[in-house]
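Trainee:
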Amino acid sequence: MRILHLDSTWHIRMIENNENEYIYWINLLRRGDDQALSHYFQLHNKSLLYFATRLIENPEEAQDIVANCFVALWEKRSDFEADENVKAFLYISCRNACLNFLKHIKIKTRVQELFYKELVQNEDTVLYHIMRSEVLQALRMEIELLPENYREVFKLIYFEHKRTDEIAGQLNLSVQTVRNYKTRSVELLKTAMLKKGFSNALMLTILLALDGI
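Number 30 in UniProt numbering belongs to position 30 of the sequence shown; there are no gaps in the numbering.
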């Protein structure tokens, strides 16, 4: 019972610390401190960029859209009452800008036409891409935290699409060792993602995303 009490106390303190951090940054933003803008940029830029690029299939335009979202955030900084409002504003602004871009281009690719129709008709599509972009951003960060040997093998498999025997020869390892590193890497990533609050229901999304990360 004592252990459970300590775990409970620690969990409450973690929640309180997180809430204090959220309050700190939102107050800085409302006061016009550019450190807050930098904080939210680092927090959301990569996932927003993935989100926009995925929807409009135009990396250069996606960068402009995301940059403009942060400009709009700064212009409206005094309007935000809570940290989650910032995130919602950024994604809604990004979604609307992507929709506007797709609406006005004269010739759309098949994929662009598909996303345009889904953006107009189905909010679930937007939510899926928001979820996927956040999963991938968190996953990229966790990959960089893997032990060096695991990380090297993992990247060769999923980034460079090399076969197990190729990696074994390149790194002077046995084939079984490469397989062990791969298995252990995936286990560590799953554990890390669960600790970040991603549920088991997202594990399939994560594994499917690995090949295209």
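A virtual CB, placed ideally from N, CA and C, is assigned to each residue, including glycine. None of these values were measured; they are calculated from a predicted model.
#1: Using the C-alpha atoms, what's the distance from leucine 171 back to asparagine 20?
#2: Per DSSP, what kind of secondary structure is histidine 44 in: helix, strand or coil?
#3: Taking C-beta to C-beta, are threonine 53 and alanine 67 nearer than 8 angstroms?
#4: Exposed or buried, arginine 77, counting other C-beta atoms within 10 Å across all chains shown (16 or more means buried)?
#5: Around the C-beta of aspartate 83, are 16 or more other C-beta atoms found within 10 angstroms, so that it is buried, or is it exposed?
#6: Would threonine 164 and valine 178 qualify as a contact pair, given that the criterion is a beta-carbon distance under 8 angstroms?
#7: Just verifying my parser: in three-state terms, what is the DSSP assignment at aspartate 165?
#8: Does the pairing of the stretch 37-57 with the stretch 106-115 give three or more beta-carbon distances under 8 angstroms?
#9: Using the beta-carbon count (16 or more within 10 Å), is leucine 194 buried or exposed?
#10: Going straight from the alpha carbon of leucine 73 to that of leucine 99, what length do you get?
#11: Between leucine 189 and histidine 104, what straight-line distance do the alpha-carbon atoms span, to the nearest angstrom?
#12: Give a yes or no on whether the C-beta atoms belonging to tyrosine 158 and arginine 184 are separated by under 8 angstroms.
#13: How close, in whole Å, do the beta carbons of leucine 48 and phenylalanine 80 come, if the pair is a contact with beta carbons under 8 angstroms?
#14: Please determine, among His161, Phe70 and Glu75, the residue with the shortest C-alpha to C-alpha distance to alanine 97.
#15: Under a Cβ-count criterion, where at least 16 other Cβ atoms within 10 Å of its own Cβ denotes burial, should serine 95 be classed as buried or exposed?
Mentor: On the basis of the data shown:
#1: 46 angstroms
#2: helix
#3: no
#4: buried
#5: buried
#6: yes
#7: helix
#8: yes
#9: exposed
#10: 19 angstroms
#11: 41 angstroms
#12: no
#13: At roughly 16 angstroms, the Cβ-Cβ gap does not stay under 8 angstroms, so leucine 48 and phenylalanine 80 are not in contact.
#14: Phe70
#15: First, the residue type needs correcting, since residue 95 is arginine and not serine in the sequence shown. Buried: at least 16 other Cβ atoms inside 10 Å.
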